[in-house]
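Q: Here the numbering used here runs 3 ahead of the position in the sequence shown, where the first position is 1.
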Amino acid sequence: MPCAAPPEDVEKYKLGNPRTFHYLNQSNCYELDGVDELKEYLATKSAMDVVGINQTEQDAIFRVVAAILHLGNIKFVKGKEIDSSEPKEDDKSRSHLKTAAELFKCNAKALEDSLVKRVTVTRDESITKSLDPVAAALSRDALAKIVYSKLFDWLVDKINVSIGQDPESKILIGVLDIYGFESLIKKELIQTHILSQEH
4 MPCAAPPEDV
14 EKYKLGNPRT
24 FHYLNQSNCY
34 ELDGVDELKE
44 YLATKSAMDV
54 VGINQTEQDA
64 IFRVVAAILH
74 LGNIKFVKGK
84 EIDSSEPKED
94 DKSRSHLKTA
104 AELFKCNAKA
114 LEDSLVKRVT
124 VTRDESITKS
134 LDPVAAALSR
144 DALAKIVYSK
154 LFDWLVDKIN
164 VSIGQDPESK
174 ILIGVLDIYG
184 FESLIKKELI
194 QTHILSQEH
């Protein structure tokens, strides 16, 4: 949805055609019939206003989503040392790394190191091990999943607070997101029951 934002937001978050993002181009489905992506984006922003997500928080949400998309476009090649890796030495991978770091508001070298190295902390020392290109790609994907999961959890908490949920209450009204549920042609109550029990 951020790729369908107004041009100023697309530029702000350094987005573009969804076909160019690895995490979006795996299904070859870029548009849904009858769905106006720009309208949905604006409706989402409006809904965020309603539940009390301010403009600074909205900006952070869209920055993080965009950063995750750029993170997914970083490819790795064998490094100079044995069993090491580095971002592919083309303009695209380095550019996506730099853009992801800018959007995450972190140091690009620190982000790169977090992808190509594993640090094990023991009682007495920290041990750093280089990762090969396959392990670095897995590290990249794990980071993307963790950040997205944390963002989603934060959003659910924010929405639950906005609807006045008492943290001490034994009764809970919460937000449930069933991946792909909105795309089903026929939705049945049993699907909701089954999927809600999985959490």
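Positions of the beta carbon are idealized from the N, C-alpha and C atoms, including for glycine.
Where does the unbroken beta strand (DSSP E) through PRO136 begin, and where does it stop?
A: PRO136 -> not in any beta strand (DSSP E); alpha helix (DSSP H) instead, spanning 136–165.
Q: Using only alpha-carbon positions, find the residue among GLU171, SER172, LEU158 that is nearest to ASN57.
A: Answer by Cα proximity: LEU158.
Q: Put ARG126 into one of helix, strand or coil per three-state DSSP.
A: ARG126 falls in the coil class under three-state DSSP.
Q: Can you list, in chain order, the residues of its chain whose CB lies under 6 Å from that of THR131, leaving out five sequence neighbours each side?
A: The answer, listed in chain order, is LYS120, VAL122.
Q: Just to confirm my understanding: we take ASP135, look at its own chain, exclude 5 residues before and 5 after, and list those with CB closer than 6 Å. What are they?
A: Cβ neighbours of ASP135 beyond the five flanking positions: ASP86, SER88.
Q: If you reduce the DSSP assignment to three classes, tell me which class LYS95 lands in.
A: Reduced to three states, the DSSP call for LYS95 is helix.
Q: Taking three-plus beta-carbon pairs below 8 Å as touching, is the stretch 93–103 in contact with the stretch 38–52?
A: These segments do not touch.
Q: Buried or exposed: which applies to GLY37, given that a residue is buried once 16 or more other Cβ atoms fall within 10 Å of its Cβ?
A: Its Cβ having fewer than 16 others within 10 Å, GLY37 is exposed.
Q: Where does LEU106 land, buried or exposed, given buried means 16+ other C-beta within 10 angstroms?
A: Looking at its Cβ environment, which holds 16 or more other Cβ atoms inside 10 Å, LEU106 is buried.
Q: Looking at the unbroken alpha helix (DSSP H) that takes in SER117, where does it start and where does it end?
A: First-last of the alpha helix (DSSP H) with SER117: 111–119.
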